[in-house]
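Going letter by letter, the sequence shown gives residues 2 to 302 in the working numbering. Shown next, in structure tokens, is the structure this report addresses.
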Amino acid sequence: MSIRELVVLGTASQVPTRHRNHNGYFLRWDGDGLLFDPGEGTQRQMLRAGVAAHDLHRICVTHFHGDHSLGLAGVIQRINLDRVPHEITAHYPRSGQEYYDRLRRATAFRETVALTEAPVDGDGVLATGPSYVLETRRLSHPVESYGYRLVEPDGRRMLPERLAAYGITGPDVGRIQREGVLGDVPLDAVSEVRRGQRFAFIMDTRMCDGVHALAEGCDMLVIESTFLDADEQLAVEHGHLTAGQAARAARDAGVRHLVLTHFSQRYGEPDEFERQARRAGFDGELTVAHDLLRVPVPKRL
């Protein structure tokens, strides 16, 4: 059975708190597992959340600030300790190659797994598989930063009433799906497009074109909201978003489920992030993330 869910491993920004670990997000997408921005303590959070090294297939780092990458060393060493048998690919900004290399071999350990390195050079497609295309867009932060987006290819939904109207039954249903036509009946006459699901992950950034491109039409958007709206000037200065800005971007992009995260330690009341997101006009499903939360990707409409 296919499972698509987000497992939140950490939700703090630069400084962890007693209740919030540094960043870490695991997306289970059918048979693949993608780990985003493993901050310090991610290996332990994976243990608490029931996410194993064997569940990982890709590691996606948005940028090389510590709260988004210091956990790489531990995660990579755990991958080797557990002798993960399948390929694991690491995506990260090429401009941060020296930081990746340092974290990759931060201490002595027995290397049993060769990670595939696929650094990001700019906007575009990073990988194509049977259940998703992985894309990236440049964001606006003091250091080079990229957001990630999964797009499932569109499929087709057969319409039983139209099949019946044309007298198409049994093996002929499969035939028209494979060949696109049966006699003088085209596939379009008995089916409709089933839009593929979309997921986006946006961390440290000011509002920019990349935010809008990544969020467009997403079923689930995981996005930073480091500051509340009263501190918007601080957000601009430090390259971050407020709750209201993130919510407006999600509203304008037609996002179905918005997940707010990456909260500054200055705030102790998470409910205010939800209130400000609602005041900004977002009326879809909304989650203010907390550590170890599991959030299912919305079912197709």
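No residue lacks a Cβ here, since even glycine has one placed at the ideal position from N, Cα and C.
Could you give the uninterrupted runs of the beta strand (DSSP E) lying entirely in the segment 239-271, keeping only those of 3 residues or more? 258-262
Between residue 234 and residue 241, what straight-line distance do the alpha-carbon atoms span, to the nearest angstrom? 10 angstroms
Buried or exposed: which applies to residue 263, given that a residue is buried once 16 or more other Cβ atoms fall within 10 Å of its Cβ? buried
What is the rounded straight-line gap between the Cα of residue 55 and the Cα of residue 71? 20 angstroms
Could you tell me whether the segment 87-94 touches the segment 58-75, where touching means 3 or more Cβ pairs closer than 8 angstroms? yes
Exposed unless 16 or more other CB atoms sit within 10 angstroms - verdict on residue 280: exposed
Return yes when the Cβ of residue 64 is within less than 8 angstroms of the Cβ of residue 145, no when it is not. Yes. Within cutoff.
If distances are taken between C-alpha atoms only, which option among 254, 156, 197 comes closest to residue 217? 254
Below-8 angstroms beta-carbon distance, residue 164 vs any chain B residue: Of the protein chains in this structure there is only one, and it is not chain B.
Please confirm if the segment 223-233 is in contact with the segment 127-144, defined as three or more CB-CB distances below 8 angstroms between the two stretches. no
Separation of residue 184 from residue 153, as counted between CA atoms: 31 angstroms
May I ask you to report which of helix, strand or coil DSSP gives residue 92? Residue state, collapsed to three classes: strand.
Under a three-way DSSP split, which group does residue 47 fall into? helix
Give the straight-line distance between the Cα atoms of residue 42 and residue 202, rounded to the nearest whole angstrom. 20 angstroms
Identify whether residue 274 lies in helix, strand or coil by the three-state DSSP scheme. helix
Smallest Cα separation from residue 259: which of 287, 199, 29? 287
Mind checking residue 32: buried by the 16 CB within 10 Å criterion, or exposed? exposed
What is the DSSP secondary structure of residue 111, reduced to helix, strand or coil? Here residue 111 carries a coil assignment [DSSP, helix/strand/coil].
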